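K.L.:
Numbering (this note's numbering), first residue to last: 1 to 296.
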């Protein structure tokens with residue numbers, strides 16, 4: 001049985017049904033879990049809203065006999081009284097969950113989502129930001145609001161945004177270092193790559209369109225993009241990058257050829273037109289000269 005407040009999972013407000021009862025069994029024991037399950041108290045909000053979860057054990061009902069036998073002691077007058085340990089565990093559980101709920105609403109969650117580009121020959125550090133997310137800005141004061149879900153969603157969006165900006169900066173820097181493909185190399189989220197953020201597991205993955213997955217390293221609460229960048233630029237570069245650069249070269253070549261073709265065709269037409277007029281003029285002059293000779 002768990003007893004420390006930090007053992008309460010961050011997603012406690014999301015637990016429902018069997019997941020919630022399993023947590024109660026681990027934290028307060030099976031008997032407390034059975035009391036809550038019998039009453040269909042299946043999540044934290046419902047539990048905190050119930051004034052006295054043990055009140056049901058004071059009712060006189062045959063349906064409660066099995067539950068009372070494990071959680072109460074039968075007196076000589078055939079009445080039942082709840083075991084002191086059950087009362088204590090229930091009170092401790094309610095107090096702990098109330099504190100956790102308040103902490104989720106009022107506390108400040110510091111998300112280790114600093115994003116850094118290091119240890120890579122092609123780029124220097126682009127981003128180094130600490131993201132402090134105040135849950136007051138996102139969490140409704142009502143217990144019906146899932147605090148942890150909102151916190152996780154905001155953190156995930158923040159991390160993704162910084163990663164996208166960092167990769168855009170990297171592409172820009174790569175283009176500047178290569179005049180031939182300037183402003184050509186561009187990577188788009190959900191097209192060329194997908195960012196997968198696991199807040200609870202403190203893990204961030206980038207899945208490339210080619211199928212390769214890079215797990216971002218961490219150093220002193222910062223995420224490092226070097227693994228993904230290494231995938232893009234190693235001795236056997238990612239086929240996505242190769243394809244983009246190849247297409248860029250082909251587009252540039254096609255545009256150049258097209259401009260030459262247009263100029264040549266125009267020149268040929270104009271030259272052919274002039275030549276045709278000159279030949280007709282010469283033929284007319286030659287014909288006129290022959291007629292004059294015959295007349296003489």
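Even for Gly, the Cβ is constructed at its ideal location relative to N, Cα and C. Note that the structure is a prediction, hence the values are computed from the model and not measured.
#1: Hey, how far is the Cα of residue 39 from the Cα of residue 162?
#2: Using DSSP bridges, identify the partner residues of residue 198.
#3: By DSSP, does residue 95 sit in helix, in strand, or in coil?
#4: State yes or no: is the C-beta of residue 98 within less than 8 Å of the C-beta of residue 32?
#5: Would residue 156 pass as a contact of residue 199 if the rule is Cβ separation under 8 Å?
#6: In terms of alpha-carbon separation, which member of 189, 49, 206, 55 lies closest to residue 168?
#7: According to the Cβ coordinates, are residue 35 and residue 67 closer than 8 Å?
#8: What are the boundary residues of the beta strand (DSSP E) that includes residue 21?
#9: Using a threshold of 8 Å, state whether the C-beta atoms of residue 54 and residue 82 are closer than that.
#10: To the nearest angstrom, report how far apart residue 23 and residue 56 are at their CA atoms.
#11: Between 26, 10, 219, 205, which has its C-alpha nearest residue 371's C-alpha?
#12: For residue 136, collect the residues of the same chain with a Cβ closer than 6 Å to its Cβ; drop the 5 residues on either side in sequence, then sort them by chain order.
#13: When burial is assigned at 16 or more other CB atoms within 10 Å of the CB, is residue 197 buried or exposed?
#14: Looking at residue 12: is its Cβ nearer than 8 Å to the Cβ of residue 105?
#15: Under three-state DSSP, which class holds residue 80?
#16: From residue 215 to residue 204, what distance separates their C-alpha atoms?
P.N.:
Looking at the coordinates:
#1: As a first step, residue 39 must be located in the chain shown, where it is residue number 39. As a first step, residue 162 must be located in the chain shown, where it is residue number 162. Straight-line Cα distance between these residues: approximately 46 Å.
#2: The sequence position of residue 198 within the chain shown is 198, counting from 1. DSSP, once it has assigned bridges, lists 203 as partnering residue 198.
#3: Here the question's residue 95 lines up with position 95 in the chain shown. If DSSP states are grouped into helix, strand and coil, residue 95 belongs with the helices.
#4: Counting from 1 along the chain shown, the entry for residue 98 is found at position 98. Counting from 1 along the chain shown, the entry for residue 32 is found at position 32. Not closer than 8 Å, so no.
#5: As a working note, residue 156 is residue 156 in the chain shown. As a working note, residue 199 is residue 199 in the chain shown. Cβ atoms of residue 156 and residue 199: closer than 8 Å.
#6: Indexing the chain shown from 1 puts residue 168 at position 168. Nearest C-alpha to residue 168: 189.
#7: Taking the chain shown and counting its residues from 1, one reaches residue 35 at position 35. Taking the chain shown and counting its residues from 1, one reaches residue 67 at position 67. In contact: residue 35 and residue 67 (Cβ atoms closer than 8 Å).
#8: Stepping through the chain shown from its first residue, residue 21 is reached at position 21. Where residue 21 is concerned, there is no enclosing beta strand (DSSP E), although the alpha helix (DSSP H) it sits in stretches over 18-28.
#9: In the chain shown, the residue the question calls residue 54 occupies position 54. In the chain shown, the residue the question calls residue 82 occupies position 82. For residue 54 and residue 82, yes; Cβs fall inside 8 Å.
#10: Walking along the chain shown from the start, residue 23 turns up at place 23. Walking along the chain shown from the start, residue 56 turns up at place 56. If you take the alpha carbons of residue 23 and residue 56, they lie about 22 Å apart.
#11: Nothing about residue 371 can be read from this structure; the chain reaches only from 1 to 296.
#12: Start at 1 with the first residue of the chain shown, and residue 136 comes out as number 136. Residue confidence is low: residue 136 scores 42 on pLDDT, short of 50, so the model does not pin down where it sits. No coordinate-derived value is stated.
#13: Locating residue 197 in the chain shown gives position 197, counting from the first residue. Looking at its Cβ environment, which holds 16 or more other Cβ atoms inside 10 Å, residue 197 is buried.
#14: The residue labelled residue 12 in the question sits at position 12 within the chain shown. The residue labelled residue 105 in the question sits at position 105 within the chain shown. Going by C-beta atoms, residue 12 is not nearer than 8 Å to residue 105.
#15: As a first step, residue 80 must be located in the chain shown, where it is residue number 80. In this structure, residue 80 counts as strand in the three-state DSSP scheme.
#16: On the chain shown, residue 215 is found 215 positions in, with the first residue counted as 1. On the chain shown, residue 204 is found 204 positions in, with the first residue counted as 1. Cα to Cα, the separation comes out at about 6 Å.
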